[in-house]
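If you count the sequence shown from 1, position 28 lands on 1032 in the numbering used here, and the numbers rise without skipping.
To keep things clear, I will list the structure first and then write my remarks on it.
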Amino acid sequence: MLRFAVVGIDHGHTFDHVKGLLAAGGEFVGYCPQTSVPALREAFEKNYPDAPQIDREKLFDDPSIDVICIAAIPRDRAGLAIRAMKAGKDVMTDKPGVTTFAQLEEVKRTVAETGKIFSICFSERHCVRSAVKAGKLVAEGAIGKVIQTLGVGPHRLQLPTRPDWFFDPEAFGGIIVDIASHQVDQFLFYTGSTSGEVIASSIGNFGMPDKPAFQDFGEVLLRSDKAAGYVRVDWFTPEALPTWGDGRLTILGTEGYIELRKYIDIAGRPGKDHLFLVNGKEMTHIDCSSEKLDYFDAFTADVSNRTQTAMTQDHVFEVCRLSLEAQTKAARIGAR
């Protein structure tokens, strides 16, 4: 049985890691209570009352623990991952796994030296049932050859809940690194690309002049030898929307297209995980709410078998590289 622990509970995605690994048959050993968001620690205590709170160094030093899950402040994730891998553990981290090129190179060196797994749980694909179904349809040839992805990742700001580091680009990596890494992952995955290039990117601050360093808008134009991609991310989800963001993905193929309404079908069907498929044979809506999430099972098998079925290590590194490059090259628009 895979035994895992949590170090860094500064983002809610940590609950996805725990829930997913428990469903895959893992044993939750405990967690480090250190956090910049006390409400998350309180939620952990409520949801997992039997899980002990343990000093992080003791978790790293425990030889019986196989995996360390990390959702710390983004700038700290790479360092914690490196510490875990050097202690003999595989790693599942929240996005972004790294916030600088220097961190990426150090993570690469550590993976090469230790042979350990550095996996980023891209929740907008790995934890979204419609995204899983879309991958299967693409693999089956339902829309022919994929030639473009168009992904949008709007988020609600929820100012009262945000810690100070949320507004510091050095802490969160910038909006493209922080959020658009999801869409970069999806571009590479659905187009079957092993590498890509950043054609153009922009970042902006349109709504928070009192926090001039903050970025509430970002966009990226991507290209590979197989396809093109466009990404838009922002912090402008209106209050009337009954969820945190109207995340969408359109996958264009030579014989049709797929559109995902991941979290809500506005003024339409209730619930989430809506998939629309249009090709030469059908135009249909697919309810993906019962689709199995296979990332956590695959990751668990990879830990046991030393394989790369959940996601290749090269894919993880390329998502990080493209996200960092797009962030670094981005033109600044909006308030200055």
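Don't be surprised by glycine CBs; every beta carbon is placed ideally from N, CA and C.
Quantities reported herein were computed from a predicted structural model and do not represent experimental measurements.
- Query: Which one of TRP1239, THR1195, PRO1246 and GLY1178 has the shortest CA to CA distance from ALA1334?
  - Reply: By 1-based counting over the sequence shown, the position of residue 1334 is 330. Ranking the options by Cα distance to ALA1334, first place goes to GLY1178.
- Take every Cβ of the region 1320 to 1334, pair it with every Cβ of the region 1183 to 1194, and state whether three or more of those distances are shorter than 8 angstroms. yes
- Using the beta-carbon count (16 or more within 10 Å), is LYS1285 buried or exposed? Walking along the sequence shown from the start, residue 1285 turns up at place 281. By the neighbour-count rule (16 or more Cβ atoms within 10 Å), LYS1285 is not buried but exposed.
- Query: For the putative contact between ASP1182 and PRO1100, defined by C-beta atoms under 8 angstroms, what is the C-beta separation to the nearest angstrom?
  - Reply: Stepping through the sequence shown from its first residue, residue 1182 is reached at position 178. Stepping through the sequence shown from its first residue, residue 1100 is reached at position 96. That belief holds up - the Cβ atoms of ASP1182 and PRO1100 are roughly 6 angstroms apart, short of 8 angstroms.
- Message: Using 8 angstroms as the cut-off, can you tell me whether the region 1108 to 1124 makes contact with the region 1198 to 1206, which would need three or more C-beta pairs spanning the two stretches below that distance?
- Response: No: the two stretches stay apart, fewer than three of their Cβ pairs being nearer than 8 angstroms.
- Cβ pair GLY1196, VAL1224 closer than 8 angstroms: Against the sequence shown, residue 1196 aligns to sequence position 192. Against the sequence shown, residue 1224 aligns to sequence position 220. Going by C-beta atoms, GLY1196 is not nearer than 8 angstroms to VAL1224.
- Item | Through-space distance from ILE1147 to PRO1042, alpha-carbon basis | As a first step, residue 1042 is located in the sequence shown; it is residue number 38 there, counting from the start. As a first step, residue 1147 is located in the sequence shown; it is residue number 143 there, counting from the start. For PRO1042 and ILE1147, the distance between alpha carbons rounds to 46 angstroms.
- Message: Taking only three categories from DSSP, how would you classify ALA1335?
- Response: Position 331 of the sequence shown, counted from the first residue, corresponds to residue 1335. If DSSP states are grouped into helix, strand and coil, ALA1335 belongs with the strands.
- Item | Endpoints, beta strand (DSSP E) assigned at SER1205 | Reading the sequence shown from its first residue, position 201 is the one you call residue 1205. 1201 to 1209 is the span of the beta strand (DSSP E), which, as asked, contains SER1205.
- Message: Report the CB separation of LEU1297 from GLY1024 in whole angstroms; it is logged as a contact under 8 angstroms.
- Response: As a working mapping, residue 1297 is identified with position 293 in the sequence shown. As a working mapping, residue 1024 is identified with position 20 in the sequence shown. At roughly 7 angstroms, the Cβ-Cβ gap stays under 8 angstroms, so LEU1297 and GLY1024 are in contact.
- ARG1160, enclosing alpha helix (DSSP H) - first and last residue: Within the sequence shown, numbered from 1, the residue matching residue 1160 stands at position 156. It is not in any alpha helix (DSSP H) - ARG1160 carries neither H nor E in the DSSP assignment.
- Using a Cβ-Cβ cut-off of 7 angstroms (strictly less than) and excluding sequence neighbours within five positions of ARG1087, which residues of its own chain qualify? Position 83 of the sequence shown, counted from the start, is the residue given in the question as residue 1087. In the same chain as ARG1087, and ignoring 5 residues on each side of it, the C-beta atoms closer than 7 angstroms to its own belong to PHE1064, in chain order.
- Query: On the three-pair Cβ rule with 8 angstroms, is the region 1064 to 1080 touching the region 1046 to 1054?
  - Reply: no
- Item | Top-ranked residue by Cα proximity to ARG1236, from VAL1282, GLY1249 and GLU1117 | Residue 1236 sits at position 232 when you count from the first residue of the sequence shown. Of VAL1282, GLY1249 and GLU1117, the residue nearest in Cα terms is GLY1249.
- Query: Can the beta-carbon of SER1199 be found less than 8 angstroms from the beta-carbon of SER1228?
  - Reply: To locate residue 1199, count along the sequence shown from 1; it is residue 195. To locate residue 1228, count along the sequence shown from 1; it is residue 224. Between SER1199 and SER1228, the CB-CB gap stays under 8 angstroms.
- Query: Rounded to a whole number of angstroms, what is the C-alpha to C-alpha distance between PRO1037 and MET1287?
  - Reply: Along the sequence shown, one-based indexing puts residue 1037 at 33. Along the sequence shown, one-based indexing puts residue 1287 at 283. Rounded to the nearest whole angstrom, the C-alpha separation of PRO1037 and MET1287 is 49 angstroms.
- Hey, LEU1256 and ALA1138: beta-carbon distance below 8 angstroms or not? Position 252 of the sequence shown, counted from the first residue, corresponds to residue 1256. Position 134 of the sequence shown, counted from the first residue, corresponds to residue 1138. In this structure, ALA1138 does not lie closer than 8 angstroms to LEU1256 by Cβ.
- Query: Just the Cα atoms here: how many angstroms apart are LYS1140 and ARG1060?
  - Reply: Against the sequence shown, residue 1140 aligns to sequence position 136. Against the sequence shown, residue 1060 aligns to sequence position 56. In a straight line, the C-alpha of LYS1140 is about 38 angstroms away from that of ARG1060.
- Cβ-based neighbour list, ASP1301, same chain, cut-off 7 angstroms, excluding 5 preceding and 5 following: Against the sequence shown, residue 1301 aligns to sequence position 297. Contacts found: ALA1028.
- Query: How is the alpha helix (DSSP H) around HIS1024 delimited, first residue to last?
  - Reply: Within the sequence shown, numbered from 1, the residue matching residue 1024 stands at position 20. It is worth fixing the name first, because residue 1024 is Gly in this sequence and not His. For GLY1024, the uninterrupted alpha helix (DSSP H) run begins and ends at 1018 to 1027, by DSSP.
- For PHE1280, which of helix, strand or coil comes out of DSSP? As a working mapping, residue 1280 is identified with position 276 in the sequence shown. PHE1280 falls in the strand class under three-state DSSP.
- Message: I'd like the list of long-range same chain contacts for PRO1078, defined as Cβ closer than 7 angstroms, with 5 residues on each side in sequence excluded.
- Response: Locating residue 1078 in the sequence shown gives position 74, counting from the first residue. Only PRO1100, THR1103, ALA1175, PHE1176, GLY1177 and ASP1182 meet the Cβ criterion.
- Report yes if the CB atom of GLY1251 is closer than 8 angstroms to the CB atom of VAL1282, and no otherwise. Counting from 1 along the sequence shown, the entry for residue 1251 is found at position 247. Counting from 1 along the sequence shown, the entry for residue 1282 is found at position 278. No, they are not a contact pair.
- Task: Using three-state DSSP, classify GLN1190 as helix, strand or coil.
- Result: Sequence index remark: in the sequence shown, residue 1190 carries index 186 (1-based). DSSP, read as helix, strand or coil, puts GLN1190 in helix.
- Message: For LYS1112 and PHE1218, what's the separation of their Cα atoms in angstroms?
- Response: Along the sequence shown, one-based indexing puts residue 1112 at 108. Along the sequence shown, one-based indexing puts residue 1218 at 214. In a straight line, the C-alpha of LYS1112 is about 29 angstroms away from that of PHE1218.
- Message: Let me check one thing: in DSSP terms, what residues is GLN1102 bridge-paired to?
- Response: Sequence index remark: in the sequence shown, residue 1102 carries index 98 (1-based). Note that residue 1102 is Val in the sequence shown, not Gln. VAL1102 is not bridged to any residue.
- Have a look at LEU1108, LEU1328 and PHE1303 and flag the residue whose alpha-carbon is nearest the alpha-carbon of MET1005. Here residue 1005 is taken as the residue at index 1 of the sequence shown, counted from 1. It is PHE1303 whose Cα lies nearest to the Cα of MET1005.
- Task: Work out the CA separation of THR1039 and TRP1169 for me, nearest whole Å.
- Result: To locate residue 1169, count along the sequence shown from 1; it is residue 165. To locate residue 1039, count along the sequence shown from 1; it is residue 35. Distance between the alpha carbons of TRP1169 and THR1039 is about 12 angstroms.
- Query: Thinking C-alpha only, which one of LYS1090, TYR1267, GLY1211 and GLY1155 is nearest VAL1188?
  - Reply: Position 184 of the sequence shown holds residue 1188. Ranking the options by Cα distance to VAL1188, first place goes to GLY1155.
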